[in-house]
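Undergrad: Structure incoming, see below.
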Amino acid sequence: MFRAERPPPEPEYEADLEKLGFRLNEKYQFVETGAVFDYYHTDNDRANELRKEAFHTAARAKIAEVLSERHGIQELYLTGGTYHHERPQEPHVSILCTKVSELKKKHDIVVVIGEAKEDPGIWGWRVAGKEGGIESGSVVGLAARLQSFGQCMRDDDFEDEREEPEVRANQVGEDCERDPTPGLIVLNPGQLVYSHDMNKNMTLTSWSNRRRAHALSDPYAIDKVHNRVKSHQDPETHLHTCFEHVLQQIMPDGARLYCIMIGDGSTHGLHVLDQILLNKNPTEIRGGKLEAVVLIEPQHDAGEVTDRPDSPLGLFCGHFKEFLARQGCSWVTSDTVPKGERVAIPVVGEQQVEELAENLEKTAIEDSHDSAQEDSESDGGVPVSDSTPSAWTLPPTPTPVAPTSNDNHEWLTEEQPGERPTEKLLVSCPTFSAGPNSTAALEVVFPAVQDEVYDFIFYQILGARAKPQPRL
Numbered sequence: 001m002f003r004a005e006r007p008p009p010e011p012e013y014e015a016d017l018e019k020l021g022f023r024l025n026e027k028y029q030f031v032e033t034g035a036v037f038d039y040y041h042t043d044n045d046r047a048n049e050l051r052k053e054a055f056h057t058a059a060r061a062k063i064a065e066v067l068s069e070r071h072g073i074q075e076l077y078l079t080g081g082t083y084h085h086e087r088p089q090e091p092h093v094s095i096l097c098t099k100v101s102e103l104k105k106k107h108d109i110v111v112v113i114g115e116a117k118e119d120p121g122i123w124g125w126r127v128a129g130k131e132g133g134i135e136s137g138s139v140v141g142l143a144a145r146l147q148s149f150g151q152c153m154r155d156d157d158f159e160d161e162r163e164e165p166e167v168r169a170n171q172v173g174e175d176c177e178r179d180p181t182p183g184l185i186v187l188n189p190g191q192l193v194y195s196h197d198m199n200k201n202m203t204l205t206s207w208s209n210r211r212r213a214h215a216l217s218d219p220y221a222i223d224k225v226h227n228r229v230k231s232h233q234d235p236e237t238h239l240h241t242c243f244e245h246v247l248q249q250i251m252p253d254g255a256r257l258y259c260i261m262i263g264d265g266s267t268h269g270l271h272v273l274d275q276i277l278l279n280k281n282p283t284e285i286r287g288g289k290l291e292a293v294v295l296i297e298p299q300h301d302a303g304e305v306t307d308r309p310d311s312p313l314g315l316f317c318g319h320f321k322e323f324l325a326r327q328g329c330s331w332v333t334s335d336t337v338p339k340g341e342r343v344a345i346p347v348v349g350e351q352q353v354e355e356l357a358e359n360l361e362k363t364a365i366e367d368s369h370d371s372a373q374e375d376s377e378s379d380g381g382v383p384v385s386d387s388t389p390s391a392w393t394l395p396p397t398p399t400p401v402a403p404t405s406n407d408n409h410e411w412l413t414e415e416q417p418g419e420r421p422t423e424k425l426l427v428s429c430p431t432f433s434a435g436p437n438s439t440a441a442l443e444v445v446f447p448a449v450q451d452e453v454y455d456f457i458f459y460q461i462l463g464a465r466a467k468p469q470p471r472l
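According to full-length UniProt numbering, the sequence shown holds residues 1 to 472 in order.
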């Protein structure tokens with residue numbers, strides 16, 4: 001009879017794309033001898049998990065390299081409410097953002113709040129690590145679209161000034177001051193577990209896939225104090241610290257913020273903004289102003305703001321709810337409503353309903369989308385997806401129905417002749433279909449509608465820039 005002298009060792013994989021057999025091709029896809037990543041590499045589940053984590057670690061490093069070299073996106077490290085450019089030797093949480101020296105010159109900034117289980121800037125590994133590549137599955141695609149938008153704006157400015165060459169000549173060397181490219185900040189509600197041994201923060205998935213002493217070792221335990229970062233213990237604490245203390249340090253005073261919230265990131269983000277705005281002016285955040293909000297598969301309870309304000313899923317702030325109805329937009333999966341068509345609109349009062357209907361029916365929306373398509377056909381234009389219509393090129397908007405005095409929190413649309421009655425749905429903002437989701441995985445939803453989301457954000461940015469600016 002044989003007896004083992006020692007426990008079997010853990011499978012070992014080095015976090016190196018080349019050694020793992022992968023490379024980043026010209027389509028920004030990670031491929032292995034012509035094929036994309038396949039989780040089921042062996043019949044050993046633990047080996048597959050460790051190999052996957054090694055691949056993700058190497059892929060994150062490659063994505064960070066692309067973001068830094070091509071888009072000027074850097075990693076910042078937060079200890080409490082203070083940020084550092086270099087990784088500190090103490091518990092910290094990292095975020096991604098446009099280089100601070102450039103970010104402080106941006107008056108329009110896109111803020112992304114992802115899911116609480118994902119790495120920052122990764123929409124979904126089943127997209128980024130497969131055929132979709134890092135342009136569809138990560139923040140690389142968003143950074144590229146922001147650059148294209150900025151280039152489009154610069155080209156328009158050049159055309160406006162072509163008859164004044166002396167003015168243009170005086171602007172040489174001042175591009176940074178006038179760069180219309182929006183800034184970018186990616187917050188990090190996912191990587192909130194800190195390892196002192198590795199001096200890095202990570203997701204729960206990465207923590208469970210840390211290499212152990214041997215194959216029979218128990219997973220590393222998480223200490224609620226030792227393995228957490230002060231002021232970043234959980235997603236909502238992290239977001240509150242960023243909005244109340246960090247953002248005002250890295251962006252100019254009065255910057256306009258456009259938030260994209262994904263999955264449970266929308267729940268955490270809305271709750272934090274709801275608390276911040278409760279006793280303040282409707283859209284003012286420390287150092288900035290909230291201009292628009294996008295929700296992807298939101299999970300909060302939109303109706304609880306009036307019925308049960310103590311609900312953990314509800315909202316407290318009435319004027320924030322009104323803001324979401326006016327300046328927000330949401331996408332949800334639907335098996336019955338075709339992609340791009342409206343699912344529901346919010347009703348928060350007769351006046352708000354009328355104004356919202358007017359905004360949705362403005363022909364300027366379609367005009368701006370058409371002009372964006374024309375710009376995308378020229379060099380430097382904003383690329384617009386031609387596979388599906390934008391959410392802003394809609395059929396005629398049904399007339400919203402104002403709520404009765406006993407029913408002021410339900411949101412619906414009036415039945416149109418020849419149409420099936422619209423189901424009553426509680427939503428915080430105009431909600432559109434992202435189409436069906438056969439995988440049932442939330443991480444594939446945002447990549448499916450990101451072109452429509454970016455079009456909405458750009459439309460809001462152009463609208464904000466067209467408003468008269470207050471005199472100082």
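Ideal Cβ placement from N, Cα and C applies to all residues, glycine included. Here the structure is a predicted model, which is why all the values come from computation and not from measurement.
Classify Arg256 as helix, strand or coil using the three-state DSSP reduction.
TA: Strand.
Undergrad: Which residue's Cα is closest to the Cα of His56: Ser148, Asp223, Ala221 and Pro120?
TA: The shortest Cα separation from His56 among Ser148, Asp223, Ala221 and Pro120 belongs to Pro120.
Undergrad: Tell me, please, whether the region 256-265 touches the region 278-291 by the rule of three or more beta-carbon pairs shorter than 8 angstroms.
TA: Contact between the region 256-265 and the region 278-291 is present, because at least three Cβ pairs lie under 8 angstroms.
Undergrad: Please return the same chain residues whose Cβ sits closer than 6 angstroms to the Cβ of Pro235, not counting the five positions on each side in sequence.
TA: Contacts found: Ala116, Pro189 and His268.
Undergrad: For the region 67-78 against the region 26-37, are there 3 or more C-beta pairs whose distance is under 8 angstroms?
TA: Flag = no, the region 67-78 and the region 26-37 do not touch.
Undergrad: By alpha-carbon positions, which one of Glu443, Pro11 and Arg154 ends up nearest to Ile296?
TA: Of Glu443, Pro11 and Arg154, the residue nearest in Cα terms is Glu443.
Undergrad: When you compare only the Cα positions, how much space is there between Leu270 and Pro346?
TA: Their Cα atoms are separated by approximately 16 angstroms.
Undergrad: Counting along the chain, where does the beta strand (DSSP E) carrying Ser195 start and finish?
TA: It spans Val193 to Ser195 - the beta strand (DSSP E) in which Ser195 sits, taken as one unbroken run.
Undergrad: What residue range is occupied by the uninterrupted beta strand (DSSP E) comprising Gly81?
TA: No beta strand (DSSP E) holds Gly81; DSSP gives it neither H nor E.
Undergrad: Starting from the C-beta of Glu14, find all residues in its chain whose C-beta is less than 8 angstroms away, skip the five residues before and the five after it, and write them out in chain order.
TA: These residues qualify, in order along the chain: Leu20 and Ala54.
Undergrad: Measure the alpha-carbon distance for Asn406 versus Leu278 and round it to whole angstroms.
TA: Unreliable positioning characterises Asn406 in this predicted model, as indicated by a pLDDT of 37, which lies under 50. The coordinate reading is nonetheless provided below. About 25 angstroms.
Undergrad: Okay, do the region 212-223 and the region 62-76 touch, 3+ Cβ pairs below 8 angstroms being the bar?
TA: As far as the Cβ criterion goes, the region 212-223 does not touch the region 62-76, which means the pair count is below three.
Undergrad: My parser needs the alpha helix (DSSP H) runs of 4 or more residues fully inside the region 95-137; what are they?
TA: Counting whole runs of 4 or more residues, the region 95-137 contains the alpha helix (DSSP H) stretches 100-103, 125-128 and 133-137.
Undergrad: Is Asn201 buried or exposed, if buried means 16 or more other CB atoms sit within 10 Å of its CB?
TA: Asn201 comes out buried.
Undergrad: Could you check if Ser101 is buried or exposed, using at least 16 other CB atoms within 10 Å of its CB as the buried criterion?
TA: Exposed, because fewer than 16 other Cβ atoms sit within 10 Å of the Cβ of Ser101.
Undergrad: Taking Cβ positions only, does Glu90 come closer than 8 angstroms to chain D?
TA: Included in the structure is just one protein chain, with no chain D present.
Undergrad: Within 10 angstroms of its Cβ, does Pro182 collect 16 or more other Cβ (buried), or is it exposed?
TA: So Pro182 counts as buried.
Undergrad: Could you say which of Lys99, Glu12 and Thr439 lies nearest to Ile250 if we only look at CA atoms?
TA: Out of Lys99, Glu12 and Thr439, Lys99 has the C-alpha closest to the C-alpha of Ile250.
Undergrad: Name the residue from Gly132, His92, Gly141 and Val112 whose alpha carbon lies nearest to the alpha carbon of His191.
TA: For the sequence presented, residue 191 should be read as Gln rather than His. The shortest C-alpha separation from Gln191 is found at His92.
Undergrad: Look at the alpha carbon of residue 499 and the alpha carbon of His196, and state the distance between them as a whole number of angstroms.
TA: Since the first residue shown for the chain is 1 and the last is 472, residue 499 is missing from the structure and cannot be characterised.
Undergrad: Rounding to the nearest angstrom, what Cα-Cα distance links Val453 and Val110 in this structure?
TA: Taking the straight line from one Cα to the other gives about 12 angstroms.
Undergrad: Beta carbon of Ser334, beta carbon of Gly435: below 8 angstroms?
TA: The answer is yes: Cβ separation under 8 angstroms.
Undergrad: Taking all protein chains shown into account, decide if Asn25 is buried (16 or more other Cβ within 10 angstroms of its Cβ) or exposed.
TA: That one is exposed.
Undergrad: Is it buried or exposed for Ser438, if we count other Cβ within 10 angstroms and need 16 for buried?
TA: When all chains shown are included, Ser438 counts as exposed.
Undergrad: What's the C-alpha gap between Ile134 and Arg3?
TA: When rounded, the distance between both Cα atoms is 48 angstroms.
Undergrad: Give the range of the alpha helix (DSSP H) segment to which Asn201 is assigned.
TA: Here Asn201 belongs to no alpha helix (DSSP H); instead the beta strand (DSSP E) covers Lys200 to Met202.
Undergrad: Where does Ser208 fall in DSSP's three states?
TA: Three-state result, Ser208: helix.
Undergrad: Taking all protein chains shown into account, decide if Arg228 is buried (16 or more other Cβ within 10 angstroms of its Cβ) or exposed.
TA: Label assigned to Arg228: buried.
Undergrad: Compute the distance between the beta-carbons of Ser208 and Gly81, then report whether it is under 8 angstroms.
TA: Not a contact, by the Cβ cut-off of 8 angstroms.
Undergrad: Using only the alpha-carbon positions, how far apart do Asp274 and Glu12 sit?
TA: Cα to Cα, the separation comes out at about 46 angstroms.
Undergrad: In whole angstroms, give me the CA-to-CA distance for Gln327 and Ser266.
TA: Cα to Cα, the separation comes out at about 15 angstroms.
Undergrad: Taking the alpha-carbon of Phe323 as reference, which of Val294, Val337 and Arg342 has the nearest alpha-carbon?
TA: If we check each option's Cα against that of Phe323, Val294 comes out closest.
Undergrad: My guess is that Gln233 and Arg286 are in contact by the Cβ rule of under 8 angstroms, so how many angstroms apart are they, rounded?
TA: That pair is no contact at about 21 angstroms.
Undergrad: Which residues mark the beginning and the end of the beta strand (DSSP E) in which Leu184 is found?
TA: Segment Gly183 to Val186, the beta strand (DSSP E) holding Leu184.
Undergrad: Just the C-alpha distance for Leu315 and Phe243, rounded to the nearest angstrom, thanks.
TA: Using only the alpha carbons, I get a separation of about 18 angstroms.
Undergrad: Report yes if the CB atom of Gly141 is closer than 8 angstroms to the CB atom of Gly124, and no otherwise.
TA: Their beta carbons are not under 8 angstroms apart, which means Gly141 does not touch Gly124 by this criterion.
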